[in-house]
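This report refers to the structure that appears directly beneath it.
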Amino acid sequence: MKRSHWESWHDSYSVKNSDLSYRLEVVKQRLQELIERFEVPVRILSLCAGQGHDVIQTLKENPNLNISKALLVELDPKNVSVGESEIKRSGLGTVNYLEGDAANVSLYSDFVPVEILLLCGIFGNISLDDIKNTLERSSSFLAPGGFVVWTRHRKEPDATPAIRNWCAEFGYREIAFDTPDRHEFSVGTYELVKAPSKFLPDGKLFQFTSSC
Ligand SMILES: C[S@@+](CC[C@H](N)C(=O)[O-])C[C@H]1O[C@@H](n2cnc3c(N)ncnc32)[C@H](O)[C@@H]1O
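Next up, the structure:
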């Protein structure tokens, strides 16, 4: 059977020192550090979660992390099935997939608020207006003092200066902006330092510009 674009996209995770495998290690490290900050069981929401390597590996490698539940929202059924198999193999009872369009906020309205929101592998595939809209709405998905982790490549024209400015505008404080030498990706880790905005279970966050 023909593999989908977004299924094959995950292949370079298994290439040692690829941009993607290196980025994964940074995201996992940041995710672990964020979970460890909380004294309460942590809720995680990952949009466009793909095969879920970041959340699944972090929880599998650190069985003592205090997790309440994690929801991975993903559109591609094959990626959902790969991720679900790995969750089962790893015995992670707190992690579940929701197959569907993560741009539709109503889809996961029963799951929010969360302590940690992952927006990884999204900002390189949507317009600047949609990035801004997603960041603006993101604070309504978070519990007070929650965190967001996002990724974005830094190819010219580098959008990360604008993204970092929007984070500040929408009430986030930068915890880390990882831009490792010799790699094109960046990982932004942000803490919500204003009150979360009101959650509205409607509207669309973004439209992917690459094929799915
Ligand atoms: C660049 S990959 C990132 C996957 C994962 N977050 C990671 O960093 O490994 C983008 C993922 O978004 C999924 N996707 C694309 N449009 C989507 C949508 N509207 N809702 C949910 N998932 C979507 C694709 O199937 C793909 O798995």
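According to the working numbering, the sequence shown holds residues 1 to 212 in order.
Glycine included, every Cβ here is placed at the ideal spot set by N, Cα and C.
Taking C-beta to C-beta, are residue i and residue j nearer than 7 angstroms?
i	j	result
glutamate 86	isoleucine 56	yes
valine 82	alanine 102	no
glutamate 191	arginine 164	no
valine 114	threonine 151	no
tryptophan 9	aspartate 76	no
leucine 71	leucine 31	no
tyrosine 108	valine 80	no
serine 138	leucine 117	yes
leucine 135	tryptophan 166	yes
leucine 92	leucine 59	yes
phenylalanine 177	aspartate 19	no
serine 14	lysine 78	no
glycine 121	histidine 153	no
valine 149	threonine 189	yes
aspartate 54	lysine 28	yes
lysine 132	threonine 94	no
Per DSSP, residue i is paired with what?
i	result
aspartate 178	Val187
tyrosine 97	Leu72
tyrosine 172	Leu192
lysine 198	Answer is none; lysine 198 lacks a bridge partner.
lysine 204	Asn104
Would you grab the beta carbon distance between residue i and residue j for me? Rounded to a whole angstrom, and I think it's under 8 angstroms.
i	j	result
valine 105	leucine 205	6 angstroms
valine 42	asparagine 66	6 angstroms
glutamine 207	aspartate 130	6 angstroms
alanine 159	leucine 119	Incorrect: roughly 13 angstroms between the Cβ atoms, too far for contact.
Is it true that the region 182 to 198 meets the region 136 to 152, where meeting means three or more beta-carbon pairs spaced less than 8 angstroms apart?
yes
Which parts of the region 87 to 160 are runs of the beta strand (DSSP E), unbroken and 3 residues or longer, counting only runs that do not cross its ends?
95 to 99, 114 to 119 and 142 to 153
Let me know the beta strand (DSSP E) ranges lying completely inside the region 26 to 86, each 3 residues or longer, listed in chain order.
42 to 47 and 67 to 74
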